[in-house]
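Visitor:
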Amino acid sequence: MTIQQVLLLLLLWMWLPHPCRSEMLFRRTPDLKPKSFVGRASGSDGKALHRQKRGWMWNQFFLLEEYTGSDYQYVGKLHSDQDKGDGSLKYILSGDGAGTLFIIDEKTGDIHATRRIDREEKAFYTLRAQAINRRTLRPVEPESEFVIKIHDINDNEPTFPEEIYTASVPEMSVVGTSVVQVTATDADDPSYGNSARVIYSILQGQPYFSVEPETGIIRTALPNMNRENREQYQVVIQAKDMGGQMGGLSGTTTVNITLTDVNDNPPRFPQNTIHLRIPESSPVGTAIGSVKATDADTGKNAEVEYRIIDGDGTDMFDIVTQKDTQEGIITVRKPLDYETRRLYTLKVEAENTHVDPRFYYLGPFKDTTIVKISVEDVDEPPVFSRSSYLFEVHEDIELGTIIGTVMARDPDSASSPIRFSLDRHTDLDRIFNIHSGNGSIYTSKPLDREISQWHNLSVIAAEINNPKDTTRVPVYVRILDVNDNAPQFAVFYDTFVCENARAGQLIQTISAVDKDDPLGGQKFFFSLAAVNPNFTVQDNEDNTARILTRRNGFSRHEISTYLLPVVISDNDYPIQSSTGTLTIRVCACDSRGNMQSCNAEALLLPAGLSTGALIAILLCIIILL
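Residue 311 in my numbering sits at position 330 of the sequence shown, and the numbers go up by one each step.
(1) On a Cα-Cα basis, can you pick out the residue from Arg453, Ile432, Pro204 and Lys449 that is closest to asparagine 466?
(2) Less than 7 angstroms between C-beta atoms, sequence neighbours within five positions excluded: which residues of the same chain meet that for serine 263?
(3) Do threonine 452 and valine 359 come within 9 angstroms of each other at the CB atom, strictly closer than that value?
(4) Under the three-state reduction of DSSP, which class applies to tryptophan 39: helix, strand or coil?
(5) Excluding the 5 residues preceding and the 5 following valine 463 in the sequence, name in chain order all residues of the same chain whose CB lies nearer than 7 angstroms to its CB.
(6) Please state whether the Cβ-Cβ distance between isoleucine 85 and alanine 79 is less than 9 angstroms.
(7) Using only alpha-carbon positions, find the residue among Leu438, Arg100, Phe141 and Glu126 that is nearest to asparagine 135.
(8) Between the region 281 to 290 and the region 381 to 392, do at least 3 Cβ pairs fall closer than 8 angstroms?
(9) Would glutamine 215 be called buried (16 or more neighbouring beta carbons within 10 Å of its own) or exposed?
(10) So the beta strand (DSSP E) glutamine 577 belongs to, where does it begin and stop?
(11) So the beta strand (DSSP E) glutamine 111 belongs to, where does it begin and stop?
(12) Looking at the structure shown, is proline 247 part of a helix, part of a strand, or coil, going by DSSP?
(13) Do you know offhand how far glycine 229's Cα is from aspartate 170's?
(14) Could you tell me if glutamate 308 is buried or exposed, where buried requires 16 or more neighbouring beta carbons within 10 angstroms of its beta carbon?
(15) The beta strand (DSSP E) that contains glycine 309, what's its start and end?
(16) What does DSSP give as the partner residue(s) for valine 387 in the beta ladder?
(17) Apart from the five residues just before and just after isoleucine 412, which ones in its own chain have a Cβ nearer than 8 angstroms to its Cβ?
(18) Compute the distance between the beta-carbons of alanine 607 and asparagine 237, then report whether it is under 9 angstroms.
(19) Does the Cβ of histidine 31 have 16 or more other Cβ atoms within 10 Å, making it buried, or fewer, making it exposed?
(20) Report yes if the C-beta distance between valine 156 and proline 260 is below 9 angstroms; otherwise report no.
(21) For lysine 14, which residues of its own chain have a beta-carbon under 8 angstroms away from its beta-carbon, when the five flanking residues on both sides are left out?
(22) Output the boundary residues of the beta strand (DSSP E) element that contains isoleucine 460.
(23) Of all the options Ile73, Ser75 and Lys130, which has the alpha carbon lying nearest to the alpha carbon of tyrosine 173?
(24) Can you tell me whether DSSP reads leucine 327 as helix, strand or coil?
(25) Taking the alpha carbon of glycine 501 as the reference point, which residue from Ala277, Asp553, Asn414 and Arg483 has its own alpha carbon closest?
(26) Can you tell which of Thr81, Arg405, Gln303 and Val518 has its C-alpha closest to the C-alpha of arginine 619?
(27) Quick check: valine 454 and serine 402, are their CB atoms within less than 9 angstroms of each other?
(28) Return the chain-ordered list of same chain residues with a C-beta closer than 6 angstroms to the C-beta of glutamate 126, the five sequence neighbours on each side being excluded.
(29) So, with DSSP's three-state summary, where would you put threonine 235?
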C-alpha cells in the first residue's frame, strides 16, 4: 500500500462514526428530504471505507486497475436503512457498464467488477443505484448517482514519439550547447503517485553529450569537438518513470547527431612551387593550367578566391576562380613571345571568402604558392610590320607604277626569308601585282576611279623554308580622283516653246552632272556654242541655267523644231567641257501657256474626226451590210 493510500484511509477513518457496518445505507430523515446513501467501498488493502454524508464524497468508490485475481473484483456494497434483511427489497444498478462490467447482488447490494479494468481506457464510471420493494416494485428510496473511480497502477512505460531522431550541432561548440530536446510520454495518471513522472538519462553517447534529467534537453559535454575528426555520433536516451527509481518502467530512443561544419580550417596548397608550360602561339584567353588549395571544411566554408599578388608576369597572365571545382584557372592575358621572354614567375594566393570571426585565432585563412610558367618555342609564321596597309594613288598613273610596299619578317631565331604574293580572289581583274622578294605592289592595268574607287587586296607572306606557314594582311588601295570627265546634262530634256511666246520667256531650266569628284566640289558654267537669234542661256551660278526666248512669236508651219547647242564646262584642272544639244519643239498653247498640239498636220483637220471615231463608224457600216 502506498503512503497516499494510507493517508486517505486515515482521513476517512477520523471523520466517520464508529462502530459502523461495511455498507452504504439508505437512512430516513424527519424533514422528508431525499435519503442519503451510506456506503462501504473496498480499499487497496481490502478494509471497509465508511461514508455517511453526501458532502463527504459518499458517492465515490475506488477500484484498482489491472486486477489479476481469479474471482470477480469486489467494488463495494449498497444498503438501505429500509432493508430489514427479510429479502423484501431489491437493489438495482444502472449506468456505465451496469450489468456487463459491473454487477450487483440484488439481495445484498454487493457490487463486483466482472473483468480486468484499464484506467488508460476509461478513468471513471458513473452509475445509478435504487432500492425497490420486491412485491410492489415501488422505490423505497429515491434513485442516487455515484462514481467508481479507477485507481492507477504503473503499467505503462514511457514512450518516445520517434524511434530515431536526427539532430545537428555546429562543431567547436562550447560545452552546454543545446542540441535537441526529446520528450517521452507516459499513459499513467500523472496526478496519482510517480507512475507518470519521467526522468531522462543517457545510455550511449558519453562523454560527448549529456541530457537534462527533467527536460530531456541534450547538450554538448566536450569542448572543441572537431567535425574533421569525427562527424557522426549516436546517442541513446532512456526515459524512466517512477521518478527514475528502481522498479520504474523505461523506454529508449536513438538520436543521430551530426556535427555541422564551421570555417575553422584555412586553405592549404599541397605544393610550394607549381610548374606549367605553354606554347608561345597560344592566343589570349588560353587556359594554361590550374592550381588548387585544399580545405578540410565543406560547403561555403571551403570556398576559396584565387588572385595573383606578385611576380614578373602579373601583366601577362590572369587567374579565374572556378566555383564548381574550387580551382584557380590561369589564362593568357597578353600575347607571348619565346624570343622575348621564356620564363615567368607568379605568386598566387588562395583565401577563404567566408571567414568566421570566432576562429580568427586559427588563421590566417589564406595560403600562397609559386607558379613558374615556361614559354615553349613554336615555328611562328611571318609577322607584318603593320596589321593593315592603306595606299593612295591617282587614277592617271602609268602602268607598272609602285603604289606601296608591305614588309614582313620571320619572328623565329632562324629568320627565314619571306616570299610575298597576292590573293587573286581579292584581285580578280588582275589590276595589281606584287614583287615576291620585296613586297612592292605595282599596277598592271589602268585605274579608273569612276569605275572603282577602292580596291581591297590580301597579301600573303610565307617562309621560303616552310611555305605552309603563312600570314595574311589586308591592303586597302584608294584611287584618287583626276579631272578626266566632262560635265553633261543631268537628264534628257523634252523642251517646247509656244507659238505665242514673248521675248525673255523661260522655257527650260537645265542642270549638269560630272563623274569626277573635286576637292572643292562641283562648279559648272553654261554658255551657247554660238550666238542664237531665237534663244539664249542665262547661268544661275548654282550649277543650273535657264533657257529664254529672244523674240516674240514662233510658227510651227515655218519651223517646227529648233536645235540649241549648249556648252557645259567645269572649273577643275585641267578644265573639261562638253556640248549638249537641246531639241526645242514649237507647239500651240492656250492663253495660259499650256501645250495643246505640237504637230503641224493637226491644223489641217481642226474639225475632223479622230481615228477611233472613224474606225467605229466603219465597223457599224460593216455590221449593217
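No residue lacks a Cβ here, since even glycine has one placed at the ideal position from N, Cα and C.
Guide: Let me lay it out:
(1) Position 485 of the sequence shown, counted from the first residue, corresponds to residue 466. Taking only the C-alpha atoms, the option nearest asparagine 466 is Ile432.
(2) Along the sequence shown, read from residue 1 onward, the residue named residue 263 stands at position 282. In its chain, beyond the 5 residues on either side, Val313 and Leu317 have a beta carbon closer than 7 angstroms to the beta carbon of serine 263.
(3) Your numbering for residue 359 matches position 378 in the sequence shown. Your numbering for residue 452 matches position 471 in the sequence shown. No, Cβ-Cβ distance for valine 359 and threonine 452 is not below 9 angstroms.
(4) As a working mapping, residue 39 is identified with position 58 in the sequence shown. Unreliable placement is indicated for tryptophan 39, whose pLDDT of 43 sits below 50; the coordinate value is still reported in the next sentence. Secondary structure of tryptophan 39 (DSSP, three-state): coil.
(5) If you number the sequence shown from 1, residue 463 lands on position 482. Residues of the same chain with a CB within less than 7 angstroms of the CB of valine 463, apart from the 5 flanking positions on each side, are His375, Glu376 and Asp377 in chain order.
(6) Numbered from its first residue, the sequence shown carries residue 85 at position 104. Numbered from its first residue, the sequence shown carries residue 79 at position 98. Contact annotation: isoleucine 85 and alanine 79 have beta-carbon atoms nearer than 9 angstroms.
(7) By one-based count along the sequence shown, residue 135 stands at place 154. Nearest to asparagine 135 by alpha-carbon distance, out of Leu438, Arg100, Phe141 and Glu126, is Arg100.
(8) With the cut-off at 8 angstroms, the region 281 to 290 and the region 381 to 392 do not touch.
(9) As a working note, residue 215 is residue 234 in the sequence shown. Looking at its Cβ environment, which holds fewer than 16 other Cβ atoms inside 10 Å, glutamine 215 is exposed.
(10) Indexing the sequence shown from 1 puts residue 577 at position 596. In this chain, the beta strand (DSSP E) harbouring glutamine 577 covers 576 to 578.
(11) Position 130 of the sequence shown, counted from the first residue, corresponds to residue 111. That run of the beta strand (DSSP E) goes 105 to 114.
(12) Counted from its first residue, the sequence shown places residue 247 at position 266. In the structure shown, proline 247 adopts coil according to DSSP, grouped into three states.
(13) The count along the sequence shown starts at 1 and reaches residue 229 at position 248. The count along the sequence shown starts at 1 and reaches residue 170 at position 189. Cα to Cα, the separation comes out at about 14 angstroms.
(14) Mapped onto the sequence shown, residue 308 falls at position 327. Within a 10 Å sphere around the beta-carbon of glutamate 308 sit 16 or more other beta-carbons, which makes this residue buried.
(15) Taking the first residue of the sequence shown as 1, we reach residue 309 at position 328. For glycine 309, the enclosing beta strand (DSSP E) starts and ends at 308 to 313.
(16) One-based indexing of the sequence shown puts residue 387 at position 406. Residue pairing by DSSP leaves valine 387 without any beta bridge partner.
(17) Position 431 of the sequence shown, counted from the first residue, corresponds to residue 412. Only Thr424, Ser425, Lys426, Leu428 and His436 meet the Cβ criterion.
(18) What the structure shows of the chain is the stretch from -18 to 606, and residue 607 is not part of that stretch, so it cannot be assessed.
(19) By 1-based counting over the sequence shown, the position of residue 31 is 50. In this predicted model, histidine 31 has a pLDDT of only 41, less than 50, meaning its place in the structure is not dependable; the value taken from the coordinates is given anyway. The residue is buried, with at least 16 neighbouring Cβ atoms inside 10 Å.
(20) Position 175 of the sequence shown, counting from 1, holds the residue named residue 156. Position 279 of the sequence shown, counting from 1, holds the residue named residue 260. Cβ distance not < 9 angstroms, so valine 156 and proline 260 don't count as in contact.
(21) Taking the sequence shown and counting its residues from 1, one reaches residue 14 at position 33. Residue placement at lysine 14 is flagged as unreliable, the pLDDT there being 35, under the threshold of 50; the coordinate-derived value follows with that caveat. For lysine 14, where only same-chain residues beyond five positions count, there are no Cβ hits under 8 angstroms.
(22) For the purposes of this step, residue 460 is identified with residue 479 of the sequence shown, where counting begins at 1. Isoleucine 460 -> beta strand (DSSP E) spans 451 to 461.
(23) Here residue 173 refers to the residue found at position 192 of the sequence shown. Nearest to tyrosine 173 by C-alpha distance, out of Ile73, Ser75 and Lys130, is Lys130.
(24) Here residue 327 refers to the residue found at position 346 of the sequence shown. DSSP places leucine 327 in strand when its eight states are reduced to three.
(25) Within the sequence shown, the letter at position 520 stands for residue 501. Glycine 501 has its Cα closest to that of Asp553, out of Ala277, Asp553, Asn414 and Arg483.
(26) The structure shown does not extend to residue 619, since the chain is modelled only from -18 to 606, so the question has no answer here.
(27) In the sequence shown, counting from the first residue as 1, residue 454 sits at position 473. In the sequence shown, counting from the first residue as 1, residue 402 sits at position 421. Contact flag unset, no.
(28) Here residue 126 corresponds to residue number 145 of the sequence shown, with the count starting at 1. For glutamate 126, same chain residues with a beta-carbon under 6 angstroms away, outside a window of 5 residues either side, are Arg109 in chain order.
(29) Along the sequence shown, one-based indexing puts residue 235 at 254. It is a strand residue.
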